[in-house]
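Asker: Structure provided below as structure tokens; questions to follow.
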Amino acid sequence: MSVQPTHNLSVEELDKQSVFHPFTALAQHMETGPRIMVSGEGVTLKDRQGREYIDALAGLWCVNIGYGRTEIAEAVDRQIRQLPYYHSFASMGTEPAAYVADRLKRMLPGDMGRVFFGLSGSDANDTQVKLVWYYNNLRGRPNKKKIIARKRGYHGVTVAAGSLTGLPVLHNAFDLPVDRILHTATPHYYWNAEPGMSEEEFSRSCAEELDALIEREGPDTVAAFIAEPVMGAGGVIVPPKGYFEEVQKVLRKHDVLLIADEVICGFGRLGRMFGSQVFDIEPDMVTIAKGITSGYVPLSASVVSEPMWQVIMEGSKELGVFGHGYTYTAHPVSCAAAVANLDIIEAEKLDQRAAETGRYMQELLRETFEGEPMIAEVRGVGLIAAVELVPDPAVKKPFDPSLKVAGRIAAKALDHGLITRALPNGDSLAFSPPLVISRDEIAQCVERLARSIAEIRDELTRDGVG
Ligand code: PMP
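Under UniProt numbering, the first residue of the sequence shown is numbered 1, with each subsequent residue one higher.
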């Protein structure tokens, strides 16, 4: 460890010596150091060396309105000057919190009752787990507590949310998942359907697997099922035809609540305001984060249906104070940013814009990549997509993970001024750009990705892979 005074060190060195990075190959980071971003405008980011990148991932799937929107800066500035903080415990409140909650209730599909604010998707899903348990205790069903998520689903990293997430890297060595959290099949048609199965048949088989799991565990022990409309960080997996229809039949049969995790899909990403609207999902609870403030400041929400709210509210007469909440629940600065952000999304109809530019993006990705060597599939809807690679599409077998094919393509793309993301499990590259992206910028992203893929494909061919 250096004994130099820190002010003599470069930012890169300060970072290496002091920042504990999330989701980072830590030992490798000590060799390579960080890439420090300093500014952003629209869909473009600039780093400390002055290099520019098109951010085709909108930060972490969150900067829906793009970078540099001064309306948010002004709303935050105004709120900090007027009232930088006050809490919402013990019946206290602030104006922005009431405005955002009302707005969300009116935007969300279905009969939503109340909005509980948090600061991240993870804590919002932890709140959902606690609300499910609380609710079933109030309903006199103390044994109905298990929650089923899906392999490759992503719901966050805290103890309960990290347990819901169905990715081994979040469980290994962290002693997760905790008890009472189970995982069922990933509805990934390309990889998991039996040969010759139609999408509808595959959806039914996923629903049958869920049904069998609930029967095995005992329906009186299973409380809820959580799903992203389109699985994001676990692979951009679009549900096969009929999937949510079949799954919802099973859930209704067993009186199991449905939690829609709209953290990525919410606020326009799929071409409608919420992913639930695209797939006719009728959730009892909705988790939102990311796009609610476009990531400018932290805010999330756990929303419960009106019938659930009635039970919780009535139950509180017996139980007393509702014993859950954060110092920063309904933070007025975050809520003020959310109001300004929702103003932009609604005024600029970014959901409709995502539908239109999304159609273009999906077509261009398919035209460019489908049928090309080593391309397994292009999948996506609206402004979210993934391109997956395999050595030989005719054989449907993944690359040896030690080749790190997607990681190498993502690194190459960075050199070409494109931020994409290598997804876990197999070799997929994700696109989830700000919803304000233009057709021209999409075309640039696709061209840069194509160049990066071609370069890595050449390397692999040279090395005799594929
Ligand atoms: N749910 C989903 C669907 C997500 O994509 C994420 C984050 N990628 C989370 C929950 C967790 O959100 P956070 O990182 O804000 O805790």
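C-beta atoms are modelled at their ideal positions from N, C-alpha and C, and glycine is treated no differently.
No experiment lies behind these values; they were computed from the predicted model shown.
(1) How should Met-1 be labelled, buried or exposed, when 16 other C-beta atoms within 10 angstroms of its C-beta is the threshold for buried?
(2) Using the three-state DSSP reduction, which class does Met-112 fall into: helix, strand or coil?
(3) How about Val-63 and Pro-434: do their beta carbons lie closer than 7 Å?
(4) Could you please give the first and the last residue of the uninterrupted alpha helix (DSSP H) stretch that includes His-171?
(5) Quick one: grab the DSSP three-state call for Thr-94.
(6) Just list the alpha helix (DSSP H) runs in the segment 346 to 405, keeping only unbroken ones of 4 residues or longer that don't cross its boundaries, in chain order.
(7) Alpha carbon to alpha carbon, how far is Thr-32 from Glu-459? Give it in angstroms, no decimals.
(8) Taking 7 Å as the threshold (C-beta atoms), are Glu-348 and Gly-110 in contact?
(9) So, is Leu-319 buried or exposed, given that buried needs 16 or more other C-beta atoms within 10 angstroms?
(10) Pick from Pro-393, Leu-389 and Asp-400: whose alpha carbon is nearest that of Ala-410?
(11) Return the residue from the list Phe-244, Ala-227, His-171 and Leu-167 that minimises the CA-CA distance to Glu-201.
(12) Can you tell me whether Val-129 sits near ligand 1, meaning its C-beta is under 6 Å from at least one heavy atom of the ligand?
(13) In the structure shown, what three-state DSSP assignment does Thr-293 receive?
(14) Ligand 1 heavy atoms versus the CB of His-155: any closer than 6 Å?
(15) Mind checking whether Leu-108 and Val-311 have CB atoms under 7 Å apart?
(16) What is the DSSP secondary structure of Phe-431, reduced to helix, strand or coil?
(17) At 3 residues or longer, and completely inside the segment 50 to 87: list those beta strand (DSSP E) runs for me, N to C.
(18) Any heavy atom of ligand 2 closer than 6 Å to the beta-carbon of Val-230?
(19) Report the rounded CA-to-CA distance for Gly-196 versus Glu-377, giving the unit in angstroms.
(20) Taking 6 Å as the limit between beta carbons, can you name the residues of its chain near Leu-258, skipping five residues before and five after?
(21) Taking contact to mean at least 3 C-beta pairs separated by less than 8 Å, is the segment 299 to 316 in contact with the segment 404 to 422?
(22) Taking the straight line between their C-alpha atoms, what separation do you get for Ile-264 and Arg-457?
(23) With DSSP collapsed to three states, give me the class of Arg-421.
(24) Just the C-alpha distance for Glu-208 and Pro-424, rounded to the nearest angstrom, thanks.
(25) Take the Cβ of Phe-369 as the centre, count every other Cβ of all protein chains shown within 10 Å, and call the residue buried at 16 or more, exposed below.
(26) Does DSSP put Phe-267 in a helix, a strand or coil?
(27) With a cut-off of 8 Å on the beta carbons, I'd call Trp-61 and Gly-232 a contact; round off their distance for me.
(28) Compute the Euclidean distance between the alpha carbons of Ile-292 and Ala-338, then round it to the nearest angstrom.
(29) Taking Cβ positions, are Ala-386 and Val-236 nearer each other than 7 Å?
(30) Check whether the segment 346 to 365 and the segment 113 to 127 touch, using three or more Cβ-Cβ pairs below 8 Å as the test.
(31) Taking 8 Å as the cut-off, does the segment 76 to 88 touch the segment 441 to 456 (at least 3 CB pairs, one atom from each stretch)?
(32) Any heavy atom of ligand 1 inside 6 Å of the beta-carbon of Ala-289?
(33) Per DSSP, Val-222 is paired with what?
(34) Below 6 Å CB to CB, which residues in the same chain sit around Arg-180 once its five sequence neighbours on both sides are set aside?
(35) Which of the three DSSP states is assigned to Thr-32 in this structure?
(36) Relative to the C-alpha of Gln-128, which residue among Pro-391, Pro-187, Ala-223 and Ala-336 is closest?
Answerer: According to the structure data:
(1) Looking up residue 1 in the sequence shown gives position 1. Only weak support exists for where Met-1 lies, its pLDDT of 44 falling under 50; the coordinates are left without a value.
(2) In the sequence shown, the residue the question calls residue 112 occupies position 112. In the displayed model, Met-112 falls within a strand according to three-state DSSP.
(3) Against the sequence shown, residue 63 aligns to sequence position 63. Against the sequence shown, residue 434 aligns to sequence position 434. Yes, they are a contact pair.
(4) Within the sequence shown, the letter at position 171 stands for residue 171. Looking at the DSSP string, the run of the alpha helix (DSSP H) that includes His-171 is 168 to 171.
(5) As a working note, residue 94 is residue 94 in the sequence shown. Here Thr-94 sits in coil by DSSP.
(6) 350 to 369
(7) Along the sequence shown, one-based indexing puts residue 459 at 459. Along the sequence shown, one-based indexing puts residue 32 at 32. Approximately 22 Å, taken between the alpha carbons.
(8) Along the sequence shown, one-based indexing puts residue 110 at 110. Along the sequence shown, one-based indexing puts residue 348 at 348. Glu-348 is positioned such that its CB atom lies no closer than 7 Å to that of Gly-110.
(9) Mapped onto the sequence shown, residue 319 falls at position 319. Under this definition Leu-319 is an exposed residue.
(10) As a working note, residue 410 is residue 410 in the sequence shown. Measuring from the Cα of Ala-410, the nearest candidate turns out to be Leu-389.
(11) As a working note, residue 201 is residue 201 in the sequence shown. For the residues Phe-244, Ala-227, His-171 and Leu-167, the minimum Cα distance to Glu-201 belongs to Phe-244.
(12) Within the sequence shown, the letter at position 129 stands for residue 129. No - ligand 1 has no heavy atom lying nearer than 6 Å to the Cβ of Val-129.
(13) As a working note, residue 293 is residue 293 in the sequence shown. Coil at Thr-293, not helix or strand.
(14) Residue numbering aside, residue 155 sits at position 155 when the sequence shown is read from its first letter. Checking every heavy atom of ligand 1 against the Cβ of His-155, one is found closer than 6 Å.
(15) By 1-based counting over the sequence shown, the position of residue 108 is 108. By 1-based counting over the sequence shown, the position of residue 311 is 311. Contact: no.
(16) Counting from 1 along the sequence shown, the entry for residue 431 is found at position 431. Correct three-state label for Phe-431: strand.
(17) Runs of the beta strand (DSSP E) inside the segment 50 to 87: 52 to 55.
(18) Annotation note on ligand 2: not contained in the displayed structure, which lists ligand 1 as its ligands.
(19) In the sequence shown, counting from the first residue as 1, residue 196 sits at position 196. In the sequence shown, counting from the first residue as 1, residue 377 sits at position 377. When rounded, the distance between both Cα atoms is 17 Å.
(20) By 1-based counting over the sequence shown, the position of residue 258 is 258. For Leu-258, where only same-chain residues beyond five positions count, the Cβ hits under 6 Å are Phe-225, Leu-251, Pro-283 and Asp-284.
(21) In this structure the segment 299 to 316 does not touch the segment 404 to 422; the number of beta carbon pairs closer than 8 Å is below three.
(22) To locate residue 264, count along the sequence shown from 1; it is residue 264. To locate residue 457, count along the sequence shown from 1; it is residue 457. For Ile-264 and Arg-457, the distance between alpha carbons rounds to 30 Å.
(23) Taking the sequence shown and counting its residues from 1, one reaches residue 421 at position 421. In the structure shown, Arg-421 sits in a strand (DSSP, three-state: E or B).
(24) Along the sequence shown, one-based indexing puts residue 208 at 208. Along the sequence shown, one-based indexing puts residue 424 at 424. Each residue's alpha carbon lies about 26 Å from the other.
(25) Start at 1 with the first residue of the sequence shown, and residue 369 comes out as number 369. Per the 10 Å Cβ criterion, buried.
(26) To locate residue 267, count along the sequence shown from 1; it is residue 267. DSSP places Phe-267 in coil when its eight states are reduced to three.
(27) Here residue 61 is taken as the residue at index 61 of the sequence shown, counted from 1. Here residue 232 is taken as the residue at index 232 of the sequence shown, counted from 1. Yes, Trp-61 and Gly-232 are in contact; Cβ-Cβ is about 6 Å, under 8 Å.
(28) The residue you call residue 292 lines up with position 292 of the sequence shown. The residue you call residue 338 lines up with position 338 of the sequence shown. So the two alpha carbons sit approximately 6 Å from each other.
(29) By 1-based counting over the sequence shown, the position of residue 386 is 386. By 1-based counting over the sequence shown, the position of residue 236 is 236. Yes.
(30) Three or more Cβ pairs closer than 8 Å define a contact, and the segment 346 to 365 falls short of that threshold against the segment 113 to 127.
(31) No contact exists between the segment 441 to 456 and the segment 76 to 88.
(32) One-based indexing of the sequence shown puts residue 289 at position 289. Yes.
(33) Stepping through the sequence shown from its first residue, residue 222 is reached at position 222. Among the bridge pairs identified by DSSP, Val-222 is matched with Lys-146.
(34) The residue you call residue 180 lines up with position 180 of the sequence shown. If you ignore the 5 residues before and after Arg-180, its C-beta comes within less than 6 Å of the C-beta of Lys-145 and Lys-146, all in its own chain and listed in chain order.
(35) For the purposes of this step, residue 32 is taken as residue 32 along the sequence shown, with counting starting at 1. The three-state secondary structure of Thr-32, taken from DSSP, is helix.
(36) Mapped onto the sequence shown, residue 128 falls at position 128. It is Ala-223.
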